[in-house]
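**Q** For the sequence shown, UniProt numbering assigns the number 1 to the initial residue and increments by one for each residue that follows.
Even for Gly, the Cβ is constructed at its ideal location relative to N, Cα and C.
Please find one structure pasted underneath; my questions will follow.
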Amino acid sequence: MISAEDVGGVHVKYLHHCHRQLWLYARGFRPESLSSSVQMGEAVHETSYRRASPVDLGSARLDDLDGDLWVHEIKSSSKPSPADEAQAIHYCYRLRAVGVEAKGAVLHYPKTRRTQRIPYVPEHETQAQTDIADVLATVTSPVSPQRLARTACRGCSYQDYCWSI
1 MISAEDVGGV HVKYLHHCHR QLWLYARGFR PESLSSSVQM GEAVHETSYR
51 RASPVDLGSA RLDDLDGDLW VHEIKSSSKP SPADEAQAIH YCYRLRAVGV
101 EAKGAVLHYP KTRRTQRIPY VPEHETQAQT DIADVLATVT SPVSPQRLAR
151 TACRGCSYQD YCWSI
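In structure tokens, the structure reads:
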């Protein structure tokens, strides 16, 4: 189904947000295109930081890598989350795996005009490896993980699936 090399930033973000969302995503269930929240996020992304040049690492696609080797990620939410941080660390880990010594990541939140700088430290390598192992354990499970509490699902594009069964 999926190997460690196939684990991308979205997998890691969903791991830290909702295991059921990750499990469904890995099986090709992609209701994001129907979600107004996702469409708003894409609009924010397209209209912010137009000079950014996406970097495609195969399983991971980051928004930009500057000349000083800092990963830049544009987020549509208004505040940082552990999922955003884990995704950024994963991108740094992937870059380092191919020989690019990423110094860290800068998360951009255009709605609030804030940024968060995350220097890449040695402990992040262990975190990224653990996240990859946890993603693999979640997506290879034969049964869907339990859904979160309904209040945690607001704005989630998978909400209809989780609450209709």
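Quick test of your reading: Asp131 and Val12, contact by CB under 8 angstroms. State the CB separation rounded to the nearest angstrom.
**A** Right, the Cβ-Cβ distance comes to about 5 angstroms (below 8 angstroms), so this counts as a contact.
**Q** How is Asp68 classed by DSSP in three states: helix, strand or coil?
**A** Correct three-state label for Asp68: coil.
**Q** With a threshold of 6 angstroms on Cβ separation, who are the neighbours of Gln146 within its own chain once the five nearest residues in sequence on each side are excluded?
**A** Within the same chain, Gln146 has no close Cβ partners at all.
**Q** Am I right that Tyr93 and Ala128 are in contact with their C-beta atoms under 8 angstroms? What's the rounded C-beta distance?
**A** Rounded, the Cβ-Cβ distance is 4 angstroms, consistent with contact.
**Q** Report the three-state DSSP secondary structure of Ile118 (helix, strand or coil).
**A** In this structure, Ile118 counts as strand in the three-state DSSP scheme.
**Q** Give me, in chain order, the residues of the same chain whose beta-carbon lies closer than 6 angstroms to that of His45; leave out the 5 immediate sequence neighbours on both sides.
**A** Low per-residue confidence applies at His45: pLDDT is 46, beneath 50, and the placement is therefore not dependable, though the value from the model is reported in the following sentence. Hits under 6 angstroms: Ile74.
**Q** One question on the structure: do Pro119 and Gly104 come within less than 7 angstroms of each other, judged by their Cβ atoms?
**A** Their beta carbons are under 7 angstroms apart, which means Pro119 touches Gly104 by this criterion.
**Q** Among His17, Gly8, Leu24, Glu5, whose alpha-carbon lies nearest the alpha-carbon of Val139?
**A** When only C-alpha atoms are compared, the closest one is Leu24.
**Q** If I'm right that Lys79 touches Thr115 with Cβ under 8 angstroms, what's the distance once you round it to whole angstroms?
**A** Between Thr115 and Lys79 the Cβ distance is about 12 angstroms, and since that is not below 8 angstroms, they are no contact.
**Q** Kindly indicate the opening and closing residues of the beta strand (DSSP E) around Leu148.
**A** First-last for Leu148: undefined, no H or E at that position.
**Q** In this structure, does DSSP put Leu57 in helix, strand or coil?
**A** Leu57 falls in the coil class under three-state DSSP.
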